[in-house]
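Visitor: Start counting the sequence shown at 0; every next residue gets the next number (numbering that gives the first Met the number 0).
Each residue gets a CB set at the ideal place from its N, CA and C atoms; glycine is no exception.
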Amino acid sequence: MLDNVVPLCYTIHRQDKRSGATRAKGEVEMSKHFIGMAGMRGCLPNMCDSYPTRGQAAESLGLVHELSGRQVKQLRRDGFLELNLAEKGNEICEIVECNCGDPDSHNDC
Ligand SMILES: [Zn+2]
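1. Give the DSSP bridge partners of residue 92, in chain order.
2. Can you give the Cα-Cα distance for residue 83 and residue 91, rounded to whole angstroms?
3. Can you give me the start and stop residues for the alpha helix (DSSP H) that residue 59 sits inside?
4. With distances taken from CA atoms, which of 104, 105 and 97 is nearest residue 30?
5. Would the C-beta of residue 102 count as close to ligand 1, meaning under 7 Å from any of its heavy atoms?
6. Taking the alpha carbon of residue 63 as the reference point, which residue from 89, 53 and 79 has its own alpha carbon closest?
7. Please list, in chain order, all residues with a C-beta atom less than 5 Å from at least one heavy atom of ligand 1.
8. May I ask you to list the residues that DSSP assigns as paired with residue 32?
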């Protein structure tokens, strides 16, 4: 369970050392994560998972749904993308920011 968390922490600490000034920001971002979801409008998501960055959430949703580069960019920018239900099997995908202390809690639904 901790396997997902440790590398992220290392990355942040390494960046902090290099830039010097972003330490406080890095610490805030350690609890922040992004939840990538996909499913039908108005229903609980068919899939959801947590990611350390918005970009990774968009990439992952993009892979699952075979989205084009343009669609991944749009999803990353808007945090929301409508899908072709017949093609993709889901109606919408969405990325939301979360600050809870347990990112792994999102990985099971
Ligand atoms: Zn959370």
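Guide: In terms of the structure at hand:
1. Locating residue 92 in the sequence shown gives position 93, where the first residue counts as 1. Looking at the DSSP assignment, residue 92 forms a beta bridge with 37 and 80.
2. Here residue 83 refers to the residue found at position 84 when the sequence shown is read from its first residue. Here residue 91 refers to the residue found at position 92 when the sequence shown is read from its first residue. Whole-angstrom Cα-Cα distance: 8 Å.
3. Reading the sequence shown from its first residue, position 60 is the one you call residue 59. That run of the alpha helix (DSSP H) goes 53 to 64.
4. Position 31 of the sequence shown holds residue 30. Looking at the Cα atoms, 97 is the closest of the given residues.
5. Counting from 1 along the sequence shown, the entry for residue 102 is found at position 103. Answer for residue 102: yes, Cβ within range of ligand 1.
6. As a first step, residue 63 must be located in the sequence shown, where it is residue number 64. It is 89 whose Cα lies nearest to the Cα of residue 63.
7. 97 and 99
8. If you number the sequence shown from 1, residue 32 lands on position 33. Beta-bridge pairing links residue 32 to 97.
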